[in-house]
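Engineer: Chains as they are written, first to last, in the numbering used here: chain Y, 1 to 180; chain Z, 1001 to 1180; chain H, 2001 to 2180; chain W, 3001 to 3180. Don't be surprised by glycine CBs; every beta carbon is placed ideally from N, CA and C.
Protein chains: 4
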Amino acid sequence: MRNIAVVVVDMLNPYDHDDADLLEKSVEQIVEPLSGLIRRAHRSSHARLIFVNDNHGDFTAGREELQRRALDGRRPDLVEPVLAPSDSPFMPKVRHSAFYGTPLDYLLRSEGIDTVVLAGQVTEQCVLYSALDAYVREFSLRVARDCVAHIHSDLAEASMRMMERNMSAELLPAESCLDV
Amino acid sequence: MRNIAVVVVDMLNPYDHDDADLLEKSVEQIVEPLSGLIRRAHRSSHARLIFVNDNHGDFTAGREELQRRALDGRRPDLVEPVLAPSDSPFMPKVRHSAFYGTPLDYLLRSEGIDTVVLAGQVTEQCVLYSALDAYVREFSLRVARDCVAHIHSDLAEASMRMMERNMSAELLPAESCLDV
Amino acid sequence: MRNIAVVVVDMLNPYDHDDADLLEKSVEQIVEPLSGLIRRAHRSSHARLIFVNDNHGDFTAGREELQRRALDGRRPDLVEPVLAPSDSPFMPKVRHSAFYGTPLDYLLRSEGIDTVVLAGQVTEQCVLYSALDAYVREFSLRVARDCVAHIHSDLAEASMRMMERNMSAELLPAESCLDV
Amino acid sequence: MRNIAVVVVDMLNPYDHDDADLLEKSVEQIVEPLSGLIRRAHRSSHARLIFVNDNHGDFTAGREELQRRALDGRRPDLVEPVLAPSDSPFMPKVRHSAFYGTPLDYLLRSEGIDTVVLAGQVTEQCVLYSALDAYVREFSLRVARDCVAHIHSDLAEASMRMMERNMSAELLPAESCLDV
Chain Y
1 MRNIAVVVVD
11 MLNPYDHDDA
21 DLLEKSVEQI
31 VEPLSGLIRR
41 AHRSSHARLI
51 FVNDNHGDFT
61 AGREELQRRA
71 LDGRRPDLVE
81 PVLAPSDSPF
91 MPKVRHSAFY
101 GTPLDYLLRS
111 EGIDTVVLAG
121 QVTEQCVLYS
131 ALDAYVREFS
141 LRVARDCVAH
151 IHSDLAEASM
161 RMMERNMSAE
171 LLPAESCLDV
Chain Z
1001 MRNIAVVVVD
1011 MLNPYDHDDA
1021 DLLEKSVEQI
1031 VEPLSGLIRR
1041 AHRSSHARLI
1051 FVNDNHGDFT
1061 AGREELQRRA
1071 LDGRRPDLVE
1081 PVLAPSDSPF
1091 MPKVRHSAFY
1101 GTPLDYLLRS
1111 EGIDTVVLAG
1121 QVTEQCVLYS
1131 ALDAYVREFS
1141 LRVARDCVAH
1151 IHSDLAEASM
1161 RMMERNMSAE
1171 LLPAESCLDV
Chain H
2001 MRNIAVVVVD
2011 MLNPYDHDDA
2021 DLLEKSVEQI
2031 VEPLSGLIRR
2041 AHRSSHARLI
2051 FVNDNHGDFT
2061 AGREELQRRA
2071 LDGRRPDLVE
2081 PVLAPSDSPF
2091 MPKVRHSAFY
2101 GTPLDYLLRS
2111 EGIDTVVLAG
2121 QVTEQCVLYS
2131 ALDAYVREFS
2141 LRVARDCVAH
2151 IHSDLAEASM
2161 RMMERNMSAE
2171 LLPAESCLDV
Chain W
3001 MRNIAVVVVD
3011 MLNPYDHDDA
3021 DLLEKSVEQI
3031 VEPLSGLIRR
3041 AHRSSHARLI
3051 FVNDNHGDFT
3061 AGREELQRRA
3071 LDGRRPDLVE
3081 PVLAPSDSPF
3091 MPKVRHSAFY
3101 GTPLDYLLRS
3111 EGIDTVVLAG
3121 QVTEQCVLYS
3131 ALDAYVREFS
3141 LRVARDCVAH
3151 IHSDLAEASM
3161 RMMERNMSAE
3171 LLPAESCLDV
């Protein structure tokens, strides 16, 4: 029974946007633990590994194209270790929340998942917004605290406290995120 | 042409929940400017005044009942001056965002509204979450900065910065919120 | 454990719209069995009784107002026997489906409901559309076939076949709808 | 200004499901007019061409994979002439409606589209359900009547009447669907 989903948000990034330099520094810190979390979730019998990624406004682009652009971007070293395994669900998204305009809610419910582990970028934007949408839908929340990257550390820190205090999220190291 | 909506969130509150004492102190500061904003929006020919309020888990309760309970609660002085005029739309909500499980998106679009002014409580929860849901739907955002009340001032302050920086919200005094 | 919900759609009707005369004839046939279904669902320990009703474009109107207008309408005899008990959830809706712009999905999931029984009007419109929205969300469907009223019998008959064939709905008499 | 969208539903089909034989006969009739409609919409300056296709339960599959499977299926002759141009938006869907769990609503609104032309398969299922979801969202509806394919002709015929009568859809030949 898979009742935990690890949702990896927006790690396919060409790092060519505003503030990319600030973000990269933070992403450098999470690549190794996130890579490990992805590997463990992929092997796990009770966890479901799901990738959701912004299409950056290009509605013609799917998995292959978004992956290619990220690998052809400025920092393939931040992309390659955390790529989605080919047998993992992958959903393009069009706005900040992983739930908006995607079948994530449907997939989670149809698999009986009750706990969502969030990882990826950006802590104070897509991660926070996805957390909120999981919370209003009554999913239990975990945030892999060493697997989320930010642009602004003060807003990221406030976001982590909001998720913990107001969304009852557990902030856990990657190695504990799949514990039952 | 009404292209601005003032959305007043969760001001019907019996103030009997955890942290109500912290919240009340903040609400005391906003009652007067919010009352003025409601009055001006109600009179305005280009603004639409909409009230959205949590049902506090009671799906049998509608406008009259939620209003009665708030007026019978601990702080009717914080409720009475900001009641919804009887000819203003009123929507019960069931979770934090004013958009989740409500017809708010439908009403805004069917009236051609492109700008949402947020007011009410709690800045770092329902106001922030409603702001996000307006933002992903591409509404322009204004926050009436003297008409939003918080429980925790540090999280509220971070929320205001998030709305301004990451959701392109204008933080305005009530008296400027209806400017075109 | 309440795992069945009986959803009664749009029975608060002043019967002053186009085609009301065609509809009334059909509603006359369902009032008695629907009244019985409402009574049994209300008493049942494993069923949840929920009312969803169009606001007919008036976003200021809630439960009391919609009820009053229907009772003051042309056919109170079709309204009074099927009124919502005061302790039953009631949701205004703004478009045809009982799921669109309402917290119905949230309420069903938060109560662990897996089976939706549909009753009310109009078979080939709001009932069909609500059935579809329940079906895409993977709820099991039952239609109380003696508790749904139509305007056009040919479209209603096609709708019943669509729900049975394409949405795996069981078409049952009211007296069997709560069977486990 | 593109204010019309042509939404092509579920034409990537390996035709290996139940009732595929019934469906194929109908699809054979629409391939030529649909191919023409796609070509004209693709060239048009005021129309937006969008493809939405079921993922058949495989959340790892995107555009390339769904296209490959359809072309490798039993009837590539029904697939090849109506493939999505590479510069057209493509959205996987997971249930029957083209709006459910997809960014279609977002894309239509962000481009200022007010009129949706539906084409594809199956008339009495995904086309009907997508029509409903467009209708509740207040889009004007056109159905390219020679570009929709059915499994059961009686239900398809009833669906066309429902869309025309109850959803104010215009049923038009492909050659008139882009008229302003």
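1) Give a yes or no on whether the minimum CB-CB distance between residue 1125/Z and chain Y is below 8 Å.
2) Tell me residue 2004/H's beta-bridge partners as DSSP assigns them.
3) List, in chain order, every chain W residue whose beta-carbon is nearer than 8 Å to that of residue 1110/Z.
4) Following the continuous beta strand (DSSP E) through residue 11/Y, name the residue where it begins and the one where it ends.
5) Can you grab the Cα-Cα spacing for the pair residue 110/Y / residue 2109/H, in whole Å?
6) Using a cut-off of 9 Å between C-beta atoms, extract the partners of residue 1063/Z located in chain H.
7) Looking at residue 2035/H and residue 2103/H, is the spacing between their C-beta atoms short of 8 Å?
8) Quick one: using the 10 Å Cβ neighbour count with 16 as the cut-off for buried, is residue 2062/H buried or exposed?
9) Answer yes or no: does any C-beta atom of chain Y fall closer than 8 Å to that of residue 1106/Z?
10) With 16 other CB atoms within 10 Å as the buried threshold, where does residue 2124/H fall?
11) Mark residue 3101/W as exposed unless 16 or more other C-beta atoms lie within 10 angstroms of its C-beta, in which case mark it buried.
12) Alpha carbon to alpha carbon, how far is residue 3106/W from residue 1137/Z?
13) Is there contact between the segment 3157-3169 of chain W and the segment 2146-2162 of chain H, where contact requires at least three CB pairs shorter than 8 Å?
14) Which same chain residues end up closer than 8 Å to residue 3132/W when comparing Cβ atoms and leaving out the 5 residues on each side of it in sequence?
15) Nearest chain Z C-beta to residue 2073/H closer than 8 Å, yes or no?
16) Going straight from the alpha carbon of residue 3059/W to that of residue 1129/Z, what length do you get?
17) For residue 3010/W, verify whether its CB is less than 7 Å away from any heavy atom of the ligand SAM.
18) Since residue 1007/Z and residue 1118/Z are thought to touch, with beta carbons under 8 Å apart, how far apart are those beta carbons, to the nearest angstrom?
19) Which residue marks the beginning of the alpha helix (DSSP H) containing residue 181/Y, and which one marks its end?
20) Skipping 5 residues on each side, what residues in its chain have a beta carbon closer than 7 Å to that of residue 3069/W?
21) Using the C-alpha atoms, what's the distance from residue 72/Y back to residue 121/Y?
22) How big is the Cα-Cα spacing for residue 1031/Z and residue 3039/W?
23) Residues of chain W with a CB under 8 Å from the CB of residue 2096/H: which are they?
24) List the residues that DSSP assigns as beta-bridge partners of residue 3091/W.
25) Is it the case that the Cβ atoms of residue 1960/H and residue 2148/H are separated by a distance below 8 Å?
26) In or out: residue 159/Y buried (at least 16 other Cβ within 10 Å) or exposed?
27) Hey, does residue 101/Y have any beta-carbon neighbour from chain W nearer than 8 Å?
28) Answer with yes or no whether the minimum CB distance from residue 166/Y to chain Z is below 8 Å.
29) Going by C-alpha to C-alpha distance, which of 1169/Z, 1143/Z, 1075/Z, 1066/Z sits closest to residue 1024/Z?
30) CA-CA distance, residue 143/Y and residue 2056/H?
31) Start and end of the alpha helix (DSSP H) containing residue 3155/W?
32) Using the Cα positions of residue 1089/Z and residue 1005/Z, report the straight-line distance between them to the nearest angstrom.
33) Taking Cβ-Cβ distances shorter than 7 Å, what residues in chain Y pair up with residue 3087/W?
34) Determine which residues share a DSSP beta bridge with residue 171/Y and list them.
35) Just curious, the alpha helix (DSSP H) that residue 2064/H is in, first and last residue?
36) Could you please give the first and the last residue of the uninterrupted alpha helix (DSSP H) stretch that includes residue 3104/W?
Structural biologist: According to the data block:
1) yes
2) 2047/H, 2115/H
3) 3138
4) Per DSSP, residue 11/Y belongs to no beta strand (DSSP E) and is neither H nor E.
5) Going by C-alpha positions, residue 110/Y is about 12 Å away from residue 2109/H.
6) Near residue 1063/Z (Cβ distances below 9 Å), the residues of chain H are 2060, 2061, 2062, 2063, 2064, 2065.
7) With contacts defined as CB atoms closer than 8 Å, residue 2103/H and residue 2035/H fail to qualify as a contacting pair.
8) With 16 or more other CB atoms across the displayed protein chains lying within 10 angstroms of its CB, residue 2062/H is buried.
9) no
10) buried
11) buried
12) Between residue 3106/W and residue 1137/Z, the C-alpha separation is close to 7 Å.
13) yes
14) 3097, 3167
15) no
16) 28 Å
17) The ligand SAM is absent from the structure shown, which contains no ligands of any kind.
18) 6 Å
19) Given a span of 1 to 180 for chain Y in the structure shown, any question on residue 181/Y remains unanswerable.
20) 3014
21) When rounded, the distance between both Cα atoms is 19 Å.
22) 59 Å
23) 3132, 3135, 3136
24) For residue 3091/W, the beta-bridge partners assigned by DSSP are 3052/W.
25) Any question about residue 1960/H goes unanswered here, given that chain H covers just 2001 to 2180.
26) buried
27) yes
28) yes
29) 1075/Z
30) Straight across, the Cα-Cα distance linking residue 143/Y with residue 2056/H is about 43 Å.
31) 3153-3166
32) About 11 Å.
33) 60
34) 143/Y
35) It spans 2063-2071 - the alpha helix (DSSP H) in which residue 2064/H sits, taken as one unbroken run.
36) 3104-3110
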